[in-house]
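Inspection log for the structure reproduced underneath, given as structure tokens.
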Amino acid sequence: MARKRTATRMLAKQAGSERKQGEVESKFGEIVSLSGRKEEPVGLGSALGPLNWTEGGGDLMSDSPSGDVVEKVLFSGKVLATVRWLESGSSAVVGSSEGEPGEDFVRVYEDGNNGIDLKHECVHPGKVFDLEVTIGDRNSVLCASSDGMVRLYLNSKSAMERVGGFPQGEAAAGVAALSERTAAGAGSEGSIAVMDIETGVASAERAGGDGIGIRAASRLTSDDFATAGISGFVSLWDCRQGLSAPSQRLRYPRSRAALLCIDADRAQTHYVFCGTDMGEVVCWDRRKEEFPVSSTAPHNGQVWDVRVMNSRPGMLLSCGEDGSVLSWDFLQAAQRGVGAEEYWTAEMTAAELKQLALGKTLGVNAVDVHAKGDLVAYVTDSSTLCFTSLTNSERLAPIEE
Amino acid sequence: MSVAEKSKSYRAVIQECIEALGKEHNPSAQHQQLLDVVTEGHKILWFCEALYFVDESKDSALSLLRDWLRVHDDGVDQAVQSYLDGGDDTQFWQVVSRLAAIGRRDDATELVQTRIQNVDSRAMGAAALGDASSSEPIYVAEAALLDAPPDTAEARLDGQFRVWQEECIATLEALEVKSGDDHLGLLLGVLGGQPSALQKSCRSWEELFVAGYLYTRLGGDPADRRKRSFEIASAFQPTHKALLALADSNPPEAIVVLARPGEYFYSAHLADLRSDSVELLLTNSFSEHQLDLYMVPANDQKSLRDYFVSEYALSLETLRGTVQLSADYLLSCGSRGEEILTDILCRMETQSAADPAVEKVFALSKRLSPKHSEVVVRKICTRLASNCAAIGNSAGATYWFTRANDAERAVAQAEASLTSAEIGGCHSAGAEALDRTAEAISVCDNAQIQEKLDYLRMYSELQASLINADEESSAARDAASSASALLGANGGLPEAHWGVVVYDCASILLPSAEASAEAKLIGIGKDETYSLLKALETVSASTGAHRDSLLEGLRQRNITADPEQLLSTVRLKLMRNLALCILSEN
């Protein structure tokens, strides 16, 4: 609904009210749909959208007279799968997922004196399935690849080093930085490995930890991490107990549920969040039973990423195949006084959900918020890296229960 | 939604792109080329909309055509102003010819008459000086312009326009014989619709196009008109030739001419618009060369539109992220488009279940008909299952074969997993893998296969119970209960596995002890013991190759022991246990 209003407003302005010298009386009306889609035309415009579009750099700040940050788009030419902010400076790392030999990359974009610009690029062998900023060096990133390897990208050197990997045929689906020296990798066929980042030696391994397959991994503490599975299970692994069996299993009780992404509250690691293939964002409290404490479905299509905003208690970001990026304010929901024991268990309504992606785009594959500010970066199937602000949002229509 | 609205919608999207592209600072050559292509395409669609979709009246189309040109002004007014600011004779005739060519004959006439007034003033002086011949061309020009019939479609269609044009040509021919006045000849050539004159007078392809339309299209002999169209078209780029074809009421040719490999956007959308407004028939105006290039069935009126829309969709499909846009277009092309989309989705790179492309393909497949959707799901799931099987992930293989609705291969994978667990025993990695396989079956939401492989779940539960059966009597009882259920009439466990089940359960029982001690530690109840004995006798009673297959599991589990001896030992244990059970009851 929000995107339709935006598109109509912008295009009506272009078509009706502004005329060039000598232009004849316009007979053009409002946007109508093509090919059955109700909101917007398909084709070229759907991919690019009415945004401040540029191939190269552009200022991140102050595109409007009031000084508010407005949406900025950088076109990369390749489908972008992941994005993460580096905590040093204003650098965002993106990974592509074209899949053709030599076509994929890891890039670093930095907001410098000349605006946002490409700072580094490194060819990546295979699709980038996951990026995770390391704990020791906040300027480096762990990359999980479709070729089964986990690599460390060193921003200072613009170089990539291999950390570890999985047997041939199994992709590295997710990676979680546990400590300065260790990282956990999750394989697409369910294998788990805890590896030393510097030496690449695996301190613990397990084949087929989640037999059907793993889609994502997330750090909980320095000793444990969680994996989200295609089977609808979240497996929690405690490195102190070895990897012989999960220390705990959480479950989403819907048939054929696929969990596509996972994150946890760093301050309250018993709260784990997942996005599903049916547009749901699900929350578990590990102290309680195996089933979720809440599930909300504001997305129309797969949820590709969920990010708990560690600098803002009770806030979460999600993005999905429907092209939307949502901010969730659980704290505000809890303050409505609906009896929630803790804010993560508060019942969400449309009042607490806001749409951040104001332009027309294809699926949004990943989202991240800068640890020290309001800047949000997200990447899309439209081959774009987009920047926006938490303050630059529209309230959603009521959520369908 | 009307065709005009649809066309406006297309153009609005393109206009957005033009505006966005135009904001680029220091554009590269490639960027500028892209902007030019998009801008020209916008003109084409706008022209088509003005000519065919907004109003059926040709008069309206003529005025809209002139307005269209006015929007894409290429400096005509500046040229006029430049002449008025002190231009010479040559400039005058160039401006007049140009104005006449683009349909602004009133402006051309006004200029001519203004000059006549000035010339007359001078002529009066010149006459006084004895020179009265210098004003003749301009009077001829004025007469030609004033003699023009109304600039309407009716005047063109009923022959008035053609008659007037012939008079202009006749005057031109007379002049050429007489004085070879190039300036006046140019104007007369324009008015007469001479392609060479039109080309000389116009400064851009848009002006030439409008001129060609105004002076060569409507009315007159079709063969002659066609001949003159070709002459003008020779100076055009393919894009512009399309406009000529459109103006010549030959949309299919326009659509075909617009198409270039990898650039089907305009052909696709123009064909889509035309198919909505009028029947898009293949006409005899196609050249043989063009028909060779595009082999579309002549009897299928929609096929030209579907062909170009699907070609455009295929060009989008090469960009990995825009496959859903391809899907939108292909799904508008009927059954053929659906087949193409099915093929695209089946070919998408999906080697790993962790790849988001897998879910994206599944989501797109839901937009297909059930038959095609099943084909895609089956293809993708089978590929994933084969990958899992290749690396020994039986749980994953079972799950994906089940999703593919391939019961036979799912069962085969499950059986392989069970065999591995059987050979390894309850403490083996095979047992863990079997547990995962059982879980995979439980979540795959296929009732038929779940029912068929339910024994797998029970076997997994049996093995889980056996792990602690030595130490916990409750675990032992659970194991016995599971075994009894597996071996029952409805258990479903293939006979080939009975031997090992009986052997494992019998292993719970103490090997030998005083009767009183055993009586206190009965691990298996009477009914369960009886079930195990019955299964044991089934195995024992078998003969030949069948017996060998039933004992194979035991052989694999206990490589050094003789299976027959194992059967005897098991029988003894079970018999003793049964006796103890009966004694304890009494």
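Protein chains in written order, with this note's numbering: chain X, 1 to 401; chain S, 402 to 987. Just so you know, even glycine gets a beta-carbon here, dropped at the ideal spot from N, CA and C.
For the C-beta of Y614/S, not a single chain X residue is nearer than 7 angstroms; the gap to the nearest is close to 17 angstroms. H432/S: member of the alpha helix (DSSP H) spanning 430 to 449, first to last residue.
In this chain, the alpha helix (DSSP H) harbouring Y708/S covers 704 to 718. Chain-ordered, the chain X residues with CB closer than 8 angstroms to the CB of T838/S read G211.
Residue environment analysis places P596/S among the buried positions, since at least 16 neighbouring C-beta atoms fall within 10 angstroms of its C-beta. Among the residues of the segment 720 to 734 of chain S, those with a Cβ less than 9 angstroms away from any Cβ of chain X are L720, R721, G722, T723, V724, Q725, L726, D729, Y730, L732, S733, in the order of the chain. Comparing alpha carbon positions, the residue from E896/S, S866/S, L546/S, N959/S closest to V940/S is E896/S. With respect to chain S, the C-beta atom of A371/X has no partner C-beta closer than 8 angstroms.
For L243/X, the closest alpha carbon among the candidates L390/X, T391/X, R84/X, G190/X is that of G190/X.
Within chain X, the residues whose beta carbon sits less than 8 angstroms from that of E750/S are G99, listed in sequence order. It is roughly 11 angstroms from the alpha-carbon of K407/S to the alpha-carbon of L446/S. The beta carbon of S294/X does not come within 8 angstroms of any beta carbon belonging to chain S, so the residue lies off that interface.
At a cut-off of 4 residues, the continuous stretches assigned as alpha helix (DSSP H) that sit fully inside the segment 834 to 894 of chain S are 848 to 853, 855 to 870, 874 to 888.
Contact with chain S is absent for K72/X, since none of that chain's Cβ atoms lies less than 8 angstroms from the residue's Cβ.
Shown here is that no member of the segment 590 to 613 of chain S has a Cβ falling below 7 angstroms from a Cβ of chain X. Shown here for Q566/S: same chain residues with a beta carbon closer than 6 angstroms to its own, the five before and five after excluded, namely G593, G594 in chain order. Chain X places a beta carbon closer than 8 angstroms to that of K761/S, counting this residue as a contact. One finds N794, A796, G797, R837 in chain S with Cβ atoms closer than 9 angstroms to the Cβ of G190/X, taken in chain order.
Between A413/S and G301/X, the gap from beta carbon to beta carbon reaches 8 angstroms or more. At least one C-beta of chain X is nearer than 8 angstroms to the C-beta of C789/S. The C-alpha of I415/S is placed about 30 angstroms away from the C-alpha of R499/S. Against D949/S, chain X offers no close residue; the least beta-carbon distance is about 32 angstroms (beta-carbon pairs closer than 8 angstroms). If the five residues before and after G797/S are omitted, its C-beta is found closer than 6 angstroms to the C-beta atoms of C789, all from its own chain and listed in chain order. By the beta-carbon neighbour count (other beta carbons within 10 angstroms, threshold 16), T961/S is exposed. The way I'd put it, the segment 378 to 389 of chain X does touch the segment 76 to 89 of chain X; three or more beta-carbon pairs between them come closer than 8 angstroms. Here F291/X is exposed. Its C-beta has fewer than 16 other C-beta atoms within 10 Å. With its beta carbon less than 8 angstroms from one in chain X, Y800/S belongs to the interface. E280/X places its beta carbon 8 angstroms or farther from that of V308/X.
The three-state reading of DSSP puts R958/S in helix, counting H, G and I together.
Interface residue (Cβ-Cβ distance to chain X less than 8 angstroms): D846/S is classified as such.
No Cβ of chain S is located within less than 8 angstroms of the beta carbon of R138/X. Around E87/X, the same chain offers R138, A371 as residues with beta carbons nearer than 6 angstroms, after the five sequence neighbours per side are excluded. Interface with chain X (8 angstroms Cβ-Cβ cutoff): D807/S is excluded. For D277/X, a Cβ of chain S is located within less than 8 angstroms of the residue's own Cβ.
Contact between V94/X and V141/X is absent: CB atoms are separated by about 10 angstroms, not below the 8 angstroms threshold.
Note that the segment 246 to 256 of chain X touches the segment 267 to 280 of chain X; at least 3 beta-carbon pairs, one per stretch, sit closer than 8 angstroms.
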